[in-house]
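So the structure is just underneath, and the comments pick up after that.
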Amino acid sequence: MKENNVLKDKIALFPRSPGVYLMKDPAGKIIYIGKANHLKSRVASYFTGKDSRPMTPFLMAR
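Reminder that position 23 of the sequence shown reads as 34 in this note's numbering, one-by-one numbering, no gaps.
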(Lines of atoms letter the chains of each structure in order from A and count residues from 1; the text may use other names and numbers.)
(Lines give C-alpha, C1' and ligand atoms only; values in the text may rest on other atoms or scores of the structure.)
Protein backbone atom coordinates (compact mmCIF):
# COMPACT_ATOMS: atom_id res chain seq x y z
CA MET A 1 0.00 0.00 0.00
CA LYS A 2 2.83 2.40 0.87
CA GLU A 3 4.37 1.76 -2.56
CA ASN A 4 1.10 2.81 -4.24
CA ASN A 5 1.02 6.05 -2.26
CA VAL A 6 4.59 6.87 -3.26
CA LEU A 7 3.71 6.23 -6.90
CA LYS A 8 0.59 8.41 -6.70
CA ASP A 9 2.64 11.20 -5.10
CA LYS A 10 5.21 11.03 -7.89
CA ILE A 11 2.57 11.04 -10.63
CA ALA A 12 0.91 14.05 -9.00
CA LEU A 13 4.13 16.01 -9.66
CA PHE A 14 4.03 15.43 -13.42
CA PRO A 15 2.94 18.41 -15.53
CA ARG A 16 -0.30 18.53 -17.50
CA SER A 17 1.60 19.58 -20.58
CA PRO A 18 3.32 17.87 -23.52
CA GLY A 19 6.50 16.01 -22.78
CA VAL A 20 8.82 13.08 -23.32
CA TYR A 21 9.30 10.24 -20.86
CA LEU A 22 11.63 7.24 -20.47
CA MET A 23 10.84 3.78 -19.20
CA LYS A 24 13.75 1.86 -17.73
CA ASP A 25 14.22 -1.74 -16.68
CA PRO A 26 15.39 -2.57 -13.12
CA ALA A 27 19.03 -2.29 -14.24
CA GLY A 28 18.43 1.27 -15.46
CA LYS A 29 18.58 0.44 -19.16
CA ILE A 30 16.17 2.51 -21.27
CA ILE A 31 13.55 0.20 -22.81
CA TYR A 32 11.14 2.82 -24.16
CA ILE A 33 11.04 6.52 -25.02
CA GLY A 34 7.58 7.98 -25.31
CA LYS A 35 5.92 11.30 -25.92
CA ALA A 36 2.57 12.60 -24.77
CA ASN A 37 0.36 15.62 -25.22
CA HIS A 38 -0.67 15.35 -21.57
CA LEU A 39 2.29 13.84 -19.73
CA LYS A 40 0.56 13.32 -16.37
CA SER A 41 -2.33 11.36 -17.91
CA ARG A 42 -0.06 9.20 -20.05
CA VAL A 43 2.21 8.18 -17.19
CA ALA A 44 -0.77 7.51 -14.90
CA SER A 45 -2.40 5.33 -17.58
CA TYR A 46 0.42 2.79 -17.30
CA PHE A 47 -0.40 2.18 -13.64
CA THR A 48 -4.20 2.37 -13.66
CA GLY A 49 -4.83 -0.17 -16.42
CA LYS A 50 -6.37 2.46 -18.71
CA ASP A 51 -3.67 2.07 -21.36
CA SER A 52 -4.83 -0.49 -23.91
CA ARG A 53 -1.88 -0.29 -26.30
CA PRO A 54 -0.41 -3.74 -27.08
CA MET A 55 3.08 -2.88 -25.85
CA THR A 56 1.96 -1.79 -22.37
CA PRO A 57 1.94 -5.25 -20.71
CA PHE A 58 5.42 -5.90 -22.13
CA LEU A 59 6.79 -2.65 -20.70
CA MET A 60 5.16 -3.09 -17.31
CA ALA A 61 6.44 -6.67 -16.99
CA ARG A 62 9.99 -5.46 -17.27
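The beta-carbon is built from N, C-alpha and C at its ideal position, and this holds for glycine as well. Predicted model only: the values in this text are computed from it and were never measured.
Non-local beta-carbon contacts of residue 50 in its own chain, meaning distances under 6 Å to residues more than five positions away in sequence, involve 25, 26 and 30 in chain order.
A direct Cα-to-Cα measurement between residue 32 and residue 57 gives close to 12 Å. With fewer than 16 other CB atoms across the displayed protein chains lying within 10 angstroms of its CB, residue 17 is exposed.
DSSP, read as helix, strand or coil, puts residue 33 in strand.
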